[in-house]
Each structure stands twice: as C-alpha cells, then as structure tokens.
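Here the structure comes first, spelled out in structure tokens, and everything after it is commentary.
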Amino acid sequence: MRYISTRGQAAPRSFLEILLGGLMEDGGLALPEAYPQFSIDELEGLRGASYAELAFAVLSRFADDIPAEDLRAIVGRTYTAEVYCNGRETSRSAEITPLRTLEPGLHLLELSNGPTLAFKDMAMQLLGNLFEYALAKTGASLNILGATSGDTGSAAEYAMRGKKGVSVYMLSPWGKMSPFQRAQMYSLQDANIHNIAVRGMFDDAQDIVKAVSNDLEFKRRHAIGTVNSINWARVCAQVVYYFKAYFAATTRSDERVSFAVPSGNFGNICAGHIARQMGLPIAKLVLATNENDVLDEFFRTGLYRPRKTAETHATSSPSMDISKASNFERFVFDLVGRDAGVLRGLWQQVDSGGAFDLAGTTYFARIGNFGFESGRSTHADRLATIRLADAKYGVTIDPHTADGLKVALEKRDAEVPMIVLETALPAKFEETIEEALGRAPERPAAYADIESLPQAVEVIDADVAVVRGLIEAGEGL
Ligand SMILES: *Cc1c(COP(=O)(O)O)cnc(C)c1O
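This is the structure we're talking about:
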C-alpha cells in the first residue's frame, strides 16, 4: 500500500514511513492511493470475529509493510479486555467496544472503556505499540512533543507510558483543566512521561509546540515527533470499530446502518468515511457539532469557513471546541475526485486565513454520494439530551455523546439502525452532568480517589527555551 499526499507534491510512502511523521513533505495529509475493498462475502466471513481479529483484517490492508505475524501480535496485545474494562462490567469488556441498544433501531457504541475514558484511547493505544515496534526495529528513539487541553494529552501519555524508545513531553495550560483531567495526567510517575504546565492558555502551549517543531535543526537532532489527530495510524485504527459496530447491529451483511459522530477535528468521522469507501454498508454518516459549527455549516451550505481563535466558543463539550478541522482535508480530497490541484487551490485560501465555498459546484452536487448529513447542538440541547437519555433509556451519557444523540434523533430513518458513537464517559465531565441531572455521574472504581494521588508536573512560564532545555535534559545531553 502506497500513501500519497492530498497536495500531490510529495513522494509516495509506505505505512511505516509515515507512522512517525505528521504532515507529508508538501504540507498535505497522507491517504492510501486507493482504499482497500471488502466485498459482501468477505464481510460475511468476518462476522463473529473478535475485535483483535477484525483489527488485523482491516489494518493488514493498510500496514502491509508490517509482517503479518508482527501485526497480529501488536493488535493482540493492544485490544485486550484488561485494557478496555474501565468502569464497565468485565463480562462485556472482551467486546472492547460493546454496543448498547437504547431502543429498537437506536444504539450506543461504547468507545470509552480504555484507560482515559475517552474514544481517543482506541487509536492511541495502538499507536503506542506501533511506535515501540517501529523504534525497536531501527534502535532509534523518539521524543513526542504535544500540547493538550485535556483528552488528547492523557490518551497519549497512557498509551506511551513505559514504552521503550519513547519519551513524552506534554504541555498543558496550568490551572485550566478539570481536577479529574489534571489528576489523570499529572499522577503518572513513569520516567518517560514529562508533564509540563505552562502559565497561560492552551494556545500559548500550542505556540511553543509549533515553535519547537518549526526549528528543523532541533527537531531532527532530538527526533521530535507528534501524535496529533492527523496521524494516519490513528485514523485507520478508528476504521476498525465501524466494522465491529456494523456486525453487532446487523444479522446479514447486506443490511445498512447509519452512524452519528460527535465531531471536532473530523478524525473520528473521517474513519467512518473511509470504512464506507471500503465497502462497509453505511447509509448515513451524521456529523454532529456543538456551537462551534464550522463543519455543520459546510455540509449544509458548501461554505468552509474556519474560525479565528477569538470566534471559537468555550462550550460544555470542550473536546469539540475547534476552529479548523485538521482532518477535513482528507475528505475534501475525495470529494473533489482526488484532484490534488483543486485541493491545493482550496487550501491556499484556508492556509492564508480565508475560506472556500463549494456551493453550486459539481463537487458539492455529488456530496449526497458520500452519505454525510449534519446538525448542531447547543448547551441547552446537551442538557436536554442528557436528561432524555437518563429518563428514557436509563443511561448517563457525556456532553459530547449528547451532541451526537441529539443530532442522531433528528436525522435517523425508520428502517435503518442508527449507531451513536460514545466519545467519552460522563465521569470526565462531572459539572455538566450535575447541571443536567442534579447528581454526579458514576465514577469507575479505579478512579475513585484519583485527585488525591501524588502529582508530578513542572510548572513553567510560556517560554520556548525552557521547553527546549527540558527536552535536552531528558536526553541527558
Ligand atoms: C476528540 C474528541 C471528540 C472529537 O473527535 P474528532 O476526531 O476530533 O472529530 C469528540 N468527543 C470527545 C470526548 C473527544 O475527546
């Protein structure tokens, strides 16, 4: 399998060649030259497979430069009941992503049973094992540098803790995360995990990461890598649970299902788009945004207008508070018939702070072929949907999942099962659950006392030189 760039001006690469990288050398995102295909018969043959078996069946098509027995071992130690049992009945954790039926034709796909209680564990845990495998092959080491406002940083740290050859330097805004999120990250005591709290906002932390990454000489000398949402391995790991959910919700592989996906950077739903392109019988991909509705606006009107930081609202589904959807370029590449010249023209506008409008174009006229529909949800909708799920189905859902369920209920068809992706457990967002239900959400036993664990964090001013110094010190240079 060869990977090409959405901008069309980078040499094709293999899976292992793009594993540790971010953008392609022309600034584009990696995509397979062609999507692997699964026929109805092949799908039928996979019905009943375990999560790890399915992951192998799907990922071996994408990562064909990893020997089959190695890949089988990697997915086998990634997707285990022990890793994906948090807070839920262990009898169901062998499913890894159990499907919970809310009512006939309406299901919730549990993606948040991993160590940090959010769906990002699904891909990040695999990334940790893939990185360790790739580094062991060459004897190299890697310093992962990132900035987080909460979920991504903890998912990365839990995935990389104790991994040979990998060190993590994770910047977070000091005092801006919830006590639970803070405890989750800062209580890790592994020698290869470095929590750095920056006096400032998330954007200040992000600017430091950008400054270090733009220093190509430092980046090369210290083997700086990232695990952000554009990483291809993360996207393709997420394709697997669409297959798993499909088999759980159907009895025959000519039935169709729809998915509703709470979206921010378009990573999760991009995996759904890819699963559909691979032949999985998906009717609709329903994209749900919060008040930051840049993607809903596009799917309704054809206008893609990334917002300025100042125009980005801080909402009660904070992991979807994005101004620009970093994986969206992958979908638009397919939408414009994989014409890299057209794509470059559109992103020239985006990259210079502008917008593009596909309304009235032949591209936008074809958008129905891709199955996308969209909607948005507000704080009031979120509270109402959390209450509805509690009263009608007896389930407590988190604010992001509530955005997904709200839009799912508007867009579902009577004859097609609708699967809502659960992106986090409510325990991560106690304040909003209390506001909606008047009581705190249940907390998985393993996290009962997490705020009282000793914490390890270095608090610094927003200064690039200090971060460079910490990375150098970590290497013992
Ligand atoms: C990251 C995240 C999202 C958004 O997912 P994308 O892949 O960025 O679209 C939604 N909900 C939660 C809880 C998240 O952590």
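Here my numbering is used: the first residue of the sequence shown is 278, the next is one more, and so on.
Where a beta carbon is used, it is the ideal one built from N, C-alpha and C, also for glycine.
Predicted model only: the values in this text are computed from it and were never measured.
With fewer than 16 other Cβ atoms inside 10 Å of its own Cβ, N491 counts as exposed.
As a beta-bridge residue in DSSP terms, T566 pairs with R653. In terms of Cα proximity to A468, the closest of N567, G298 and V443 is V443. Check the Cα spacing between A488 and each of R533, R377, P456 and A424: the tightest is with A424.
Within the segment 516 to 602, the beta strand (DSSP E) runs of at least 3 residues that lie entirely inside it are, in chain order, 534 to 539 and 559 to 566. In this structure T700 is in contact with T678, their Cβ atoms being roughly 6 Å apart against a cut-off of 8 Å. The beta carbon of A413 sits no closer than 6 Å to any heavy atom of ligand 1. For G637, the secondary structure class from DSSP, reduced to helix, strand or coil, is coil. By the neighbour-count definition (other C-beta atoms within 10 Å, threshold 16), A482 is a buried residue. For Y446, the enclosing beta strand (DSSP E) covers residues V443 to P450. Residue range F479 to N491 is occupied by the alpha helix (DSSP H) that includes N491.
Rounded to the nearest angstrom, the Cβ distance from E712 to K688 is 26 Å, too far for a contact under 8 Å. Assignment of beta-bridge partners to H471 by DSSP yields Y446.
Ranked by Cα distance from K453, the options Y670, G427 and I470 are led by G427.
The segment 530 to 541 makes no contact with the segment 287 to 301; the number of CB pairs closer than 8 Å stays below 3. Straight through space, the alpha carbons of N542 and D398 are spaced by roughly 16 Å.
The Cβ atoms of W624 and A307 lie no closer than 7 Å to each other. In the structure shown, A311 adopts coil according to DSSP, grouped into three states. At the C-beta level, Y518 and L557 stay beyond 7 Å of one another. Taking a C-beta distance under 7 Å as the contact criterion, A739 and G477 qualify as a contact pair. For P539, the CB falls within less than 6 Å of some heavy atom of ligand 1.
At a cut-off of 3 residues, the continuous stretches assigned as beta strand (DSSP E) that sit fully inside the segment 699 to 751 are 735 to 738.
Within a 10 Å sphere around the beta-carbon of E302 sit fewer than 16 other beta-carbons, which makes this residue exposed.
Every alpha helix (DSSP H) of 4 residues or more that sits fully in the segment 319 to 403 is shown, in chain order, as 328 to 339, 345 to 355 and 367 to 370. Apart from the 5 residues on each side of it in sequence, L407 sits with its Cβ closer than 7 Å to the Cβ of L296, I351 and A510 in its chain, given in chain order. DSSP places V684 within a helical segment (H, G or I) once states are collapsed to three. In the structure shown, L412 adopts helical secondary structure according to DSSP, grouped into three states.
Ranked by Cα distance from A685, the first of R659, A668 and E707 is R659.
For the pair P718 and N363, the Cα-to-Cα distance works out to about 14 Å. Not one heavy atom of ligand 1 falls within 6 Å of the beta-carbon of F608.
Residue pairing of A424 in beta bridges, as defined by DSSP: L448.
Taking all protein chains shown into account, D726 has fewer than 16 neighbouring C-beta atoms within 10 Å of its C-beta and is therefore exposed. The C-alpha of Q314 lies about 38 Å from the C-alpha of L493.
Residue pairing for V697: DSSP places it in a beta bridge opposite L385 and A537. As computed with DSSP, Y280 is found in a beta bridge with R290 and P309.
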